[in-house]
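Let me begin by presenting the structure, written as structure tokens, before commenting on it.
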Amino acid sequence: LAHYNLASVEQLRGHLDAAISNYRLALETEPNNAGARNSLGGALLQDNKLPDAIAELKSVLAIDPSYSNAHYNLARAFLASDDLDDAAAQFKAFLAQEPADAQAQAALGIVYAREHQYTAALPCFREAARLDPSNADIRVNLGTALAMLGDFPAAVAAYREALKIQPDHPTALADLAKAQAALENGR
78 LAHYNLASVE QLRGHLDAAI SNYRLALETE PNNAGARNSL GGALLQDNKL
128 PDAIAELKSV LAIDPSYSNA HYNLARAFLA SDDLDDAAAQ FKAFLAQEPA
178 DAQAQAALGI VYAREHQYTA ALPCFREAAR LDPSNADIRV NLGTALAMLG
228 DFPAAVAAYR EALKIQPDHP TALADLAKAQ AALENGR
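78 is the number of the first residue of the sequence shown in the numbering used here; add one for each residue after it.
Structure (structure tokens):
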């Protein structure tokens, strides 16, 4: 327990090497501690050691397949590795347990958008916007998906909502101008 607590403090301080070492020491005495393994996987992910993070997080799910935070961390690791299919599968597994998580909804939308599946991304961004109405980035992502689907009036509305939240949002400002130009050109 002492190593686990020390690792958590070191991770909060941004001392990732010390955190990783202490999580590993904690796991020497409790190798099946899913929480400690998930924390180690999170620290490895934070340190951009993606293959190690993925392996560790998979081991968490081997111990406890219902560990929702491991699904979320594994999804983030797969997304960072550009493994979009596995990222989508893990975000879906997480959202099956935690459907009201706006960030996971938005992240799944981003996965779909990166795959150019804007029709699939749209409900994710809409749900994320409903769950987190004060997040300008989610509104921008919603606007982008709408624009990619050719719904420029709705895209303009989404970008304007983002700018109500954050008036100087650079992407919202730029994409609003593009969507308005598309509308003026009859697209």
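Cβ atoms here follow ideal geometry from the backbone N, Cα and C, with glycine treated the same way.
For the alpha helix (DSSP H) that contains residue i, what are its first and last residues?
| i | result |
| --- | --- |
| Asp-141 | Neither: Asp-141 is in no alpha helix (DSSP H) and is coded neither H nor E. |
| Glu-238 | 229-242 |
| Lys-255 | 247-261 |
| Pro-200 | 195-208 |
| Glu-87 | 79-90 |
| Asp-163 | 161-174 |
| Leu-122 | 111-123 |
| Ala-177 | Segment: none, Ala-177 is in no alpha helix (DSSP H) and carries neither H nor E. |
| Ser-98 | 93-106 |
In terms of alpha-carbon separation, which member of the options lies closest to residue i?
| i | options | result |
| --- | --- | --- |
| Ala-157 | Ala-179, Leu-89 and Pro-128 | Pro-128 |
| Ile-131 | Asp-141, Pro-142, Gly-119 and Ile-140 | Gly-119 |
| Asn-125 | Gly-91, Ser-143 and Arg-191 | Gly-91 |
| Asp-228 | Tyr-195, Glu-107, Glu-105 and Ala-79 | Tyr-195 |
| Asp-153 | Asp-141, Ala-177, Lys-135 and Ala-184 | Checking the sequence, you will find Arg at residue 153 rather than Asp. Out of Asp-141, Ala-177, Lys-135 and Ala-184, Ala-184 has the C-alpha closest to the C-alpha of Arg-153. |
| Asn-110 | Leu-78, Ser-211 and Asp-245 | Leu-78 |
| Glu-238 | Asn-150, Leu-260, Gly-263 and Arg-207 | Arg-207 |
| Ser-98 | Leu-89, Pro-108, Pro-142 and Ala-84 | Ala-84 |
| Ser-143 | Arg-203, Lys-255 and Asn-115 | Asn-115 |
| Gln-243 | Gly-263, Asn-262, Ser-211 and Ala-139 | Ser-211 |
| Asp-245 | Ala-139, Pro-200 and Ala-213 | Ala-213 |
Suppose the cutoff is 6 Å on Cβ atoms and the five residues either side in sequence are ignored; what does the same chain contact list for residue i look like?
| i | result |
| --- | --- |
| Tyr-81 | Ala-103 and Ala-113 |
| Asp-163 | Phe-155 |
| Leu-117 | Tyr-100 and Glu-133 |
| Ala-198 | Gly-186, Tyr-189, Ala-190 and Ala-222 |
| His-148 | Gln-167, Ala-170 and Phe-171 |
| Ser-145 | Phe-171, Gln-174 and Glu-175 |
| Val-137 | Ala-111, Arg-114, Asn-115, Tyr-144 and Ala-147 |
Sorted by chain position, which residues of the same chain lie with C-beta nearer than 8 Å to residue i's C-beta, five sequence neighbours on each side aside?
| i | result |
| --- | --- |
| Asp-24 | Since the first and last residues shown for the chain are 78 and 264, residue 24 lies out of range. |
| Lys-135 | Leu-151 |
| Pro-230 | Leu-260 |
Is the separation between the beta-carbon of residue i and that of residue j shorter than 8 Å?
| i | j | result |
| --- | --- | --- |
| Gln-182 | Ala-205 | yes |
| Asp-209 | Ala-179 | yes |
| Leu-240 | Ala-234 | no |
| Leu-161 | Glu-192 | yes |
| Glu-105 | Ala-95 | no |
| Gln-123 | Leu-93 | yes |
Ignore the nearest five residues each way along the sequence and tell me which others in residue i's own chain have a CB closer than 7 Å to its CB.
| i | result |
| --- | --- |
| Leu-121 | Ile-97, Asp-129, Ala-130 and Glu-133 |
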